[in-house]
Each structure stands twice: as C-alpha cells, then as structure tokens.
Amino acid sequence: MTTRLHKVLMGSCLALGLGLAAPASSEELRIGYISPVTGIFAQVGKDMVDGFQMYLDEHGGKLGGMDVKFIVEDDQGKPDAGVTKAKKLILQDKVHMFIGGLLASTGYALAPISTSEKTLYISSVSSADDLTQRQLSKYPYFVRTSWTSSLPHQPLGQWACDNGFKKVIVIAADYAFGYETAGGFQKVFEDCGGKVVQKIWPPLGTKDFGPYIPTFKADADAIFTTMVGPMALQFPKQLRGAGVKKPILGSGVSYDEFVLPFMGDEVIGDVSALHYSAAIDTPRNQEFVKAYRAKYGKVPGYYSENNYTTAMWLDEAIKKAGGKYPGPEEFIKIMASIKLDAPRGPVELDENRNPIENVYIKKVEKKKVFGYDKDELWNTVIKTYPKVSQFWTYGKDKFLAQPVYDRDFPPCKFCE
Amino acid sequence: MGSQRAKIIIVALCLAALALIVPHSGSFVVLLATRAMAFAILAMSVDLLLGYTGLSSMGQAAYFGVGAYLTAVLATKMHFGLGWDFWLVVIMGILLGAALAAVFGLFAIRAGGVYFLMITLALGQCVWGLAYRWNSLTGGDNGINMTGRPNFGLDLTNEVTFFYLVFAFFVVSMVLMYVLVRSPFGQSLAGIRERELRMQILGYNTWLHKYIVFIIAGGFGGLSGVLWAHTNGHVSPETVVLTTSVDSLLMVVLGGAGTLVGATIGTAIVFALREYLSTLVPWWQYVLGGVYVLTILYLPMGLMGLLTRARQRLKPESKDEGVKKLATNPS
Chain G
1 MTTRLHKVLM
11 GSCLALGLGL
21 AAPASSEELR
31 IGYISPVTGI
41 FAQVGKDMVD
51 GFQMYLDEHG
61 GKLGGMDVKF
71 IVEDDQGKPD
81 AGVTKAKKLI
91 LQDKVHMFIG
101 GLLASTGYAL
111 APISTSEKTL
121 YISSVSSADD
131 LTQRQLSKYP
141 YFVRTSWTSS
151 LPHQPLGQWA
161 CDNGFKKVIV
171 IAADYAFGYE
181 TAGGFQKVFE
191 DCGGKVVQKI
201 WPPLGTKDFG
211 PYIPTFKADA
221 DAIFTTMVGP
231 MALQFPKQLR
241 GAGVKKPILG
251 SGVSYDEFVL
261 PFMGDEVIGD
271 VSALHYSAAI
281 DTPRNQEFVK
291 AYRAKYGKVP
301 GYYSENNYTT
311 AMWLDEAIKK
321 AGGKYPGPEE
331 FIKIMASIKL
341 DAPRGPVELD
351 ENRNPIENVY
361 IKKVEKKKVF
371 GYDKDELWNT
381 VIKTYPKVSQ
391 FWTYGKDKFL
401 AQPVYDRDFP
411 PCKFCE
Chain D
417 MGSQRAKIII
427 VALCLAALAL
437 IVPHSGSFVV
447 LLATRAMAFA
457 ILAMSVDLLL
467 GYTGLSSMGQ
477 AAYFGVGAYL
487 TAVLATKMHF
497 GLGWDFWLVV
507 IMGILLGAAL
517 AAVFGLFAIR
527 AGGVYFLMIT
537 LALGQCVWGL
547 AYRWNSLTGG
557 DNGINMTGRP
567 NFGLDLTNEV
577 TFFYLVFAFF
587 VVSMVLMYVL
597 VRSPFGQSLA
607 GIRERELRMQ
617 ILGYNTWLHK
627 YIVFIIAGGF
637 GGLSGVLWAH
647 TNGHVSPETV
657 VLTTSVDSLL
667 MVVLGGAGTL
677 VGATIGTAIV
687 FALREYLSTL
697 VPWWQYVLGG
707 VYVLTILYLP
717 MGLMGLLTRA
727 RQRLKPESKD
737 EGVKKLATNP
747 S
C-alpha cells in the first residue's frame, strides 16, 4: 500500500512538474514558484508551470550552469494563500527567488514580501499596473518579466483610432484588471480623437450577458471588451446570438490561446491586442510552438510563453553573473542589462523594471499555421507595434503624473 | 466536577507545550501556528453560536472582515495603530465587529434554522460586496497591503514575538468564552439550543439571549480579524468571502461543536492540511475532503466526540457520564 501510494505520489508530482530531482550541490539555485495548481484557475496555473518547466527540461535542469531546484507551491488563486506559500518558500526552503502569481491581487500581495524578506520576486504573469509604476519605490527586490495590464491596450486604442473607429462601447469585468485594460485603451483612443460613449462593468464571473447587450448604444461602431475565464467564452457567443454585428476590439486575454480552442466560429474576425500570439510568424516562435505542442499537446498561450521567457532570462543572467547567484540587487542589475530574443520577440527591461516588448494587434482567423494539417482558430498578427513601453508614448513623468487607471479614470466624458 | 478540572489542566498543559515548543521549530511553523491561532478565535466565536446556542451562522467572515479592513485602512491611510495605539485598534476592532453584529442581529435573530443561515449568508455577502466595490477605501479586488507590524517596545515584526502576542490573545479569548459558556447565561444558551420553546415557557427572553451572544461572537470575530490582518500583512475581499465563513463553520463541526477546544483542534487540523500538507503533496484536497466526509458520517460530534465515546467505552458504569448523558439528551 505504501509503495503504491508512493508511486501515485511520484507520478502526480512528475505529471505536475513538481518533483524535479536535482542533486544537492553548493552551486544549486533554489527557485520557488507560486501558481494556482488547484481551484478554478488550476489549468492556467499548470500552463504557467509547464512553460517554465519546458525551458528547464530543454536545458538539462540547469540555468546558467547552476543546478536548479524548482519548488512549486499552490496558492489556490488566493492572495492570502500566496503570502503563506511565499513565506514557506523563503523561510523553510531558503529559496534564492520566488516567481509567479497569476492574479493582479496576488501580485500586490506578494510584492511586499520581497521587500520584508529581502528576496527577489519575479512577476512572470501578474500584471497589476502600479507595481512597476507609482508604487515601484516600495519594492526594490521586484522585477516583472511579463506586462502591465494597460501596456498592450494603449496601442490598441491607437490602432482603433487609426483604423477609423469613432465611437466605442467599453464592457469589461468589474475588477482592477478590467479597469486597467479598459483605461489604457480609453486614454489613448480619446487622446487620438475617438470617443468612448458607454462603459459597462459586469461582475467577475458573469455568465449571462442578456441584461447588458440590449443596452448597447446603437450609434457606436465597435465594442471593447475584457473578459476573463468563462466570461470570455460566453460573451462573443451571446453577443452574436443577439444579432449584434459590431466589431469587437478585445483584450488579448479574452482571446488567448488558452481559451481559443474552445471558441466557436463566431469569434472569427475579432481583434485583440497582447504582447504574445502563438501565430507570430518568426522561426523562433514557430520552434517554440511546435516544441510546446509536441510536449503538452496544446498550443501555448502567453501564460506559458511568459514563463518560458522568464526561465530564459534567468539562464542568461546567471551565465552573465559567472554561474552563481549574486544577490537580489546585483541580479536585477544584470537582468536589466540583458536583451532577450524570446518567442514573443525582443524583450528588455525599462528603468521601472517592466519589459519593453512588441505589442501585437491580432485578428482571429481559421486557417492552417506552421504546417499543422487542420483548420484551427489562430490569432493572426495584423499589426506589430515594436518596443512598446508601459508608458506608451507619453513618457514616464507625464504618465506617472496621472492616477492609476481605475473604474472612474479616465472619466467617461462622452457617456450620457 | 473533578473531570472538568482534569480537562482544564490538560488544556492548560497543551497550551503551555504549544507556547514552549512552537518557537523552537522552523519559522514557517511559527507562522502557521500564528495564523491558525488568529483564525481559531473566529472559529471559537462560531462555536459560541453553533455549538452552544444552536445557531448556524454563515456570515461570520463579515465581522472578521471589518476587523481586518479597519486595521489595514487605519494603518495605511492614517498610520494609526502601528505603535501603542495598536491596543486602541484592537478595542475598535472588537467594538466594530460587535456593532455590526448588533445591526445584523436585528435582522437575523428573528429567523431560526435554515432561514437564519440564509440571512447571515446574505448579510455576510453584503460586506464582501462592499469590500469588493468600495475601491477608494478598500482597494477593491487588489486589497490593501500593510507596510509593517506595530512596534511599541515589543517589535512585532519578529515572528516569534508576534506569535506570543497572538497566543496571548488566543488564550484570553478562550478563557473568556469558557467563562461565558459556564456562566448561568451560557447555561441558558444551551437550554435554547436544546428546546427554545421550553425556555420561553420558563420565562426566558430567548430573543435577547440569542441577540447578546450574536453580538459577543461578532466582537470576537472583529478581534480575530485585527490579528489576521497583521499576521498576513494583506487584506483583500478574499478575507471576507463566503468560503471564510464556511471554513470556520467546517472547522467547528470537524473539531466538535459545543466544545471550544474542538473548534481549536478543527482549526489546527484544517490549517495543517491546507497550508502544510499542500506544500508536500498535490492531492491534499482529497485528504481534506475525506476528513470532512468521514467526520460527518462517523463522528457527528466531531473529533471531540471521539474522546467522549472512547471514555464511555472505557468506563461504561461511570455515574458521572450517565447523569451527563441524561442532561444533554432530554428527549
């Protein structure tokens, strides 16, 4: 019984990428990883871990010559639990750094621990704007390798304006991530001359959009939407079902490769923006997508790509530090000096420790990509904004002078 | 009465052992024990309602939440409660929890059974909604990060010092609640639990009894929230969410409703499984689920019921137990 239990345990550990058997040595790099392995975000949590694990497997479990001890802890998608697990990783496992956290709220909860425990925290998914903006000075041991929520949506505002959209309805999930994505879009769109004529905030987890769709203003010519989780599947279906033909400009998260295979043909033609698309037509990305799909049987979304790139970043940084971990301050400096050629394109840190990266305006199309023989939904890149900063074109000082994007900022000047 | 004294001595010994052993284990264990004790105060307050009065409240996270948010808002917006004024915050937290319970009690106490459960659930969700939507005060979904723990000569940033502080609050709360349930007031609560109609016929104002204990439980909930906020350094709507209420209820049922020690044991077990076992194995949820199911199926009196049953089997002729059994089963 015990041995069988043991086998089951070992099997599930391996399956989840939990048990990386690294022989202990003095040159061991201990990395704590926090992601929701159970609970409603479990699938996303697994994609995050898989991305990081894939890079490790490709490099024989070593980063920059150091053996890696990769310890995954489950935060169940709750900030509280994330805090406990981060402390466990630091106090008990004595990790050199901890990585991960999915939700913006988790990012806000984990960052202070990096300060109080003087341990490096790398946010590889969590996108809460203010951590690398107005609150940066509080968190000297914090780096982000992913994005801020508003980063890709500011170019989307520009794109919408440049492509002749005049009046747009905003409908986004009612929480910080929704406010920040929609805020970024609205700010740039209106500065360019567009008008947001209506803002609707359905609660997180809304499955029935029946009460909202009929209230859409008839004279608007597009809809901006940020939907997460099951909302992303339901909204386009119900919108098209209700006969609304207005084009959608969405947050990239609503059309991420994580949900795309489960969507129907009603999403074809929908436009979204993100710092990654699995359909980016570069040899580097094609290689990544094919390897990932062969290993895990699915197309990688940004959750996996961001973590793969994070591992790559660590690899380069440790190499540059001479095969050892030089402590958080020095390590951040080294990370900032590295320019990566990631699957998502060129990536480097700005002075606020947030990536400068390409933003892709994507359109959902049904086609064959990279030699796969079936017609599938892909996020075809229709426009690339190169080297986009979290401050867009405003410049750091001007951008930081305004408040963080919120439910009421920017104010809805053109709503009646 | 002799067995009661023995029980007190056993509990006191266990607590002393806890205070002596935990600080010398790993610092993560200290952190877990601190969290569990802060939460155990909430669980015991639930037990006051569920175990001693027969009211199953599904909204206890509300009082916990206002305590936690009060602490976090005062600390971050006004830098209040980070020195000696920490004690003021403790008092304010207790009063706020009690005041909220006094308001909610007006609605909830009128109902009984499953209706009481529904109303407390709804009221609890109101507080959650407020925490989630009142962005300017609560930070919405992102919650509030606290910058540090109070320092008044005692530096609470030290985990072990903070452990002892929470330990002290925990012991004092336990003693106070113990005194409460052993008092004539507590005895009449037990009477209400067993047969409310009979108590009414005997001339007790049962509404008032229930209302008062509801407020007291709210006060302890507030205290628990204040400590929780400092334990975690972070307060978010997740603190106030329905599952917090359900967790506290399950902990009480698991440990054994109607015994304060049971509530504590239940809390300890859930925390150990959820936060320690989960660092070891990925299938910890099956264990937790299994423990709940087995408890409900085989130990309706909770783990404390196991002790009682064992004792009954060992000394089947004990007069003491026989009398007690009669007293608690008036059918």
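Taken in sequence, the protein lines are chains G and D.
Just so we're aligned, residue 1 is where the first sequence starts under the numbering used here, counting upward by one.
Just so we're aligned, residue 417 is where the second sequence starts under the numbering used here, counting upward by one.
From the three backbone atoms N, C-alpha and C, an ideal C-beta is built for every residue, glycine too.
Among all the DSSP beta bridges, which residues are the ones paired with residue i?
i	result
Gln198/G	Ile169/G
Leu570/D	Phe568/D
Gly97/G	Before going further, note that residue 97/G is Met rather than Gly in the sequence given. Answer by DSSP bridge pairing, in chain order: Ile31/G and Leu120/G.
Arg144/G	Ser123/G
Met66/G	Leu63/G
Ile560/D	Val651/D
Pro346/G	Asp341/G
Val72/G	Tyr33/G
Phe409/G	Asp406/G
For the beta strand (DSSP E) holding residue i, just list the boundary residues, first then last.
i	result
Thr380/G	Glu376 to Val388
Ala273/G	Val271 to Leu274
Asn358/G	Pro355 to Lys367
Ser251/G	Ile248 to Ser251
Thr226/G	Ala222 to Thr226
Leu340/G	Leu340 to Ala342
Going by DSSP, what residue range makes up the alpha helix (DSSP H) through residue i?
i	result
Arg240/G	Pro230 to Gly241
Gly678/D	Leu676 to Phe687
Gly301/G	Neither: Gly301/G is in no alpha helix (DSSP H) and is coded neither H nor E.
Ala726/D	Gly718 to Leu730
Ser461/D	Ser443 to Asp463
Trp159/G	His153 to Asp162
Pro79/G	Pro79 to Leu91
Thr492/D	Ala477 to Met494
Cys50/G	Residue identity differs from the one stated: residue 50/G is Asp in this sequence, not Cys. Ala42 to Glu58 is the span of the alpha helix (DSSP H), which, as asked, contains Asp50/G.
Asn551/D	Asn551 to Thr554
Tyr580/D	Glu575 to Arg598
Can you give the beta carbon distance from residue i to residue j, rounded, assuming they're within the 8 Å contact cut?
i	j	result
Val83/G	Ala109/G	5 Å
Ser251/G	Asp47/G	Between Asp47/G and Ser251/G the Cβ distance is about 18 Å, and since that is not below 8 Å, they are no contact.
Gly674/D	Gly467/D	3 Å
Leu572/D	Leu581/D	6 Å
Gly184/G	Gln158/G	Contact flag wrong, Cβ pair sits at about 11 Å.
Can you list, in chain order, the residues of its chain whose CB lies under 6 Å from that of residue i, leaving out five sequence neighbours each side?
i	result
Leu260/G	Leu377
Ile200/G	Ile171 and Tyr212
Ala336/G	Leu349
Ala477/D	Gly540, Val656, Thr660 and Ser661
Ile318/G	Leu63, Gly64 and Met66
Pro386/G	Asn358
Glu190/G	none
Ile113/G	Ala86
Glu180/G	Asp129, Ser149, Ser150 and Tyr405
Phe455/D	Thr683
Note down, in chain order, each residue of its chain lying with its Cβ closer than 7 Å to the Cβ of residue i, except the 5 sequence neighbours on either side.
i	result
Ala24/G	With a pLDDT of only 43 at Ala24/G, under 50, the local geometry of the prediction cannot be trusted, and the value read off the model is given with reservation. Nothing listed; no residue qualifies.
Leu431/D	Val587
Phe523/D	Ile535 and Leu539
Tyr203/G	Correcting the residue type first, residue 203/G is Pro in the shown sequence and not Tyr. So the list reads Asp174, once near-sequence residues are dropped.
Ile122/G	Met97, Ile99, Val143, Thr145 and Thr310
Ile608/D	Thr469, Gly470, Met615, Thr622, His625 and Lys626
Can you name, in chain order, every residue of its own chain whose Cβ lies under 8 Å from the Cβ of residue i, other than the five neighbours on each side?
i	result
Ala22/G	A caution first: Ala22/G carries a pLDDT of 40, below 50, which makes its placement in the model unreliable, though a value can still be read off. Closer than 8 Å at the Cβ level, and outside the excluded window around Ala22/G, lie Glu28, Gly61, Asp67, Val68, Lys69 and Phe70.
Leu639/D	Ile457, Gly483, Val506, Gly509, Ile510, Gly513, Phe585 and Ser589
Leu533/D	Ser472, Ser473 and Met474
Asn352/G	Thr132, Gln133, Leu136, Gln390 and Lys396
Notebook entry, point to check: Within the chosen definition, does the segment 228-240 of chain G reach the segment 262-272 of chain G through at least 3 CB pairs nearer than 8 Å?
Noted result: yes
Check: Given 8 Å as the limit, is there contact between the segment 609-623 of chain D and the segment 547-560 of chain D, that is, 3 or more CB pairs closer than that?
Finding: no
Next item on the list: Evaluate the contact criterion for the segment 156-171 of chain G versus the segment 185-199 of chain G: three or more CB pairs, one atom per stretch, below 8 Å.
Entry: yes
Item checked: Inter-stretch contact at 8 Å, needing at least 3 Cβ pairs: the segment 706-724 of chain D / the segment 670-687 of chain D -> yes
Checklist line | Three CB pairs or more closer than 8 Å across the segment 644-654 of chain D and the segment 553-573 of chain D | finding: yes
Margin query: Pairs of beta-carbons, one from the segment 118-131 of chain G and one from the segment 575-582 of chain D, closer than 8 Å: are there three or more?
Written below: no
Checklist line | the segment 337-356 of chain G / the segment 145-152 of chain G touching (three or more Cβ pairs under 8 Å) | finding: yes
Note to self: Within 8 Å, do at least three Cβ pairs link the segment 458-468 of chain D to the segment 659-670 of chain D?
What the structure shows: yes
Check: Any chance the segment 387-397 of chain G sits against the segment 367-375 of chain G, with 3 or more Cβ pairs inside 8 Å?
Finding: no
Margin query: Under 8 Å: do the segment 29-38 of chain G and the segment 272-289 of chain G share three or more Cβ pairs, one atom per stretch?
Written below: no
Notebook entry, point to check: Counting Cβ pairs closer than 8 Å, one from the segment 268-283 of chain G and one from the segment 361-372 of chain G, do we hit at least three?
Noted result: yes
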